[in-house]
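Participant:
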Amino acid sequence: MSGKMLSFTKMHGCGNDYIYFNCFEDPVEAPEKLAARLSDRHKGIGGDGVILICPSEIADAKMRMFNLDGSEGKMCGNGIRCVAKYVFDHGIAHKPELKIETLSGIKSCTIHEKNGKAEAVTVDMGKAVLVPEKIPVKLTGEAVIDRKAFLAGEERKITCISMGNPHCVIFGGDPDLLDLEKIGPEFEHDPLFPEQVNTEFIQVLDQYTLKMRVWERGSGETMACGTGACASAVAAVLCGHCPKGEDILVHLRGGDLIINYTDDRVLMTGEAVEVFTGQAVLDTGC
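Read in order, the letters of the sequence shown are residues 295 to 580 in the numbering used here.
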């Protein structure tokens, strides 16, 4: 097959893996088509989607993220840590504090360096949004906290939060026992959520530790979700399971994240890992 060659970097945060393109060097056309084709784990590179690292007029770099189905996401917690690592490690902006532009605003990233490379990143995710119409969720009131709703065939208690994208958090027993392939899409496409929703199923292990599985809109179950971990920690505080202003450890299927929630911001700290680099051949159909 002949076509344009595009260099890429495969990176992951807690197993949440994306295919990254440096658009400072080479612009990428039709990324929504690329995401669907290259993310295929059998016929493509394999990943949870595609992320573009682009120039920005107001920050050190701009992140654009595309899900498996080609839809563009406003925010990706694991993705932005990897973008910050790439920007730092590759000298685009080699400094301890970085600003990354996203569709959910500019996020501040603190680099935790080891041997000249970014080993982990702390992201200031901004304030958690609780107002229903801003999440959005079709429920009334000032916030949706531990509220009963009929979803996926039964009545459940839900807490709804936006961390730049919509989340529905549910507390219960061991999430490993859930048939997520069945109930995940029912949450994602329920009319209660006009822009679809990411759903987190949480077990409280103690007041500082949560266990989480996630079904992401547009991608299905993933090994980790940074904004989902943030939303889960916020919900745990709001529902009285965890203390505010202290570190909460969130166990994800692909690793751990540390979340600290106050009224003013949510801090997320976790790994950012470069796996390999390569080139993709793009035919003219892309």
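Beta carbons are placed, not taken as given, at the ideal position from N, Cα and C, and that holds for glycine. Because the structure is a prediction, the values reported are computed rather than measured.
Identify the continuous beta strand (DSSP E) that holds T503 and give its terminal residues.
Facilitator: Working through the sequence shown from its first residue, we reach residue 503 at position 209. Residues T503 to E510.
Participant: My guess is that L532 and T453 are in contact by the Cβ rule of under 8 angstroms, so how many angstroms apart are they, rounded?
Facilitator: Looking up residue 532 in the sequence shown gives position 238. Looking up residue 453 in the sequence shown gives position 159. With a contact defined as Cβ atoms closer than 8 angstroms, L532 and T453 qualify at about 6 angstroms.
Participant: Please determine whether the Cβ atom of I464 lies at a distance below 7 angstroms from any heavy atom of the ligand GDP.
Facilitator: You won't find the ligand GDP in this model; it holds no ligand whatsoever.
Participant: Within a Cβ cutoff of 7 angstroms, which residues of the same chain sit near K538, ignoring the five residues on either side of it in sequence?
Facilitator: Within the sequence shown, the letter at position 244 stands for residue 538. Excluding residues within five positions, the ones whose Cβ falls inside 7 angstroms are V531, Y555 and T556.
Participant: Less than 8 angstroms between the C-beta atoms of G458 and K368, yes or no?
Facilitator: Sequence index remark: in the sequence shown, residue 458 carries index 164 (1-based). Sequence index remark: in the sequence shown, residue 368 carries index 74 (1-based). Taking 8 angstroms as the Cβ cut-off, G458 and K368 qualify as a contacting pair.
Participant: By the three-class DSSP mapping on this structure, what secondary structure does L433 have?
Facilitator: Here the question's residue 433 lines up with position 139 in the sequence shown. If DSSP states are grouped into helix, strand and coil, L433 belongs with coil.
Participant: So C317 packs on I347, CB below 8 angstroms; how close in whole Å?
Facilitator: Stepping through the sequence shown from its first residue, residue 317 is reached at position 23. Stepping through the sequence shown from its first residue, residue 347 is reached at position 53. Going by Cβ atoms, the distance from C317 to I347 rounds to 6 angstroms, so yes, they are a contact pair.
Participant: CA-CA distance, V381 and I542?
Facilitator: As a working note, residue 381 is residue 87 in the sequence shown. As a working note, residue 542 is residue 248 in the sequence shown. Cα to Cα, V381 sits roughly 27 angstroms from I542.
Participant: CA-CA distance, E326 and L362?
Facilitator: Counting from 1 along the sequence shown, the entry for residue 326 is found at position 32. Counting from 1 along the sequence shown, the entry for residue 362 is found at position 68. The alpha-carbon atoms of E326 and L362 are separated by roughly 9 angstroms.
Participant: Quick one: measure Cβ to Cβ for F596 and T571, integer angstroms, because I've assumed they're closer than 8 angstroms.
Facilitator: Nothing about residue 596 can be read from this structure; the chain reaches only from 295 to 580.
Participant: Return yes when the Cβ of A574 is within less than 8 angstroms of the Cβ of L551, no when it is not.
Facilitator: As a first step, residue 551 is located in the sequence shown; it is residue number 257 there, counting from the start. As a first step, residue 574 is located in the sequence shown; it is residue number 280 there, counting from the start. No. Outside cutoff.
Participant: May I ask you to report which of helix, strand or coil DSSP gives V575?
Facilitator: Along the sequence shown, one-based indexing puts residue 575 at 281. Three-state DSSP puts V575 in a strand.
Participant: Do you know how far the Cα of L300 is from the Cα of C536?
Facilitator: What you label residue 536 is simply residue 242 of the sequence shown in a count that begins at 1. What you label residue 300 is simply residue 6 of the sequence shown in a count that begins at 1. If you draw a straight line from the Cα of C536 to the Cα of L300, it comes to about 46 angstroms.
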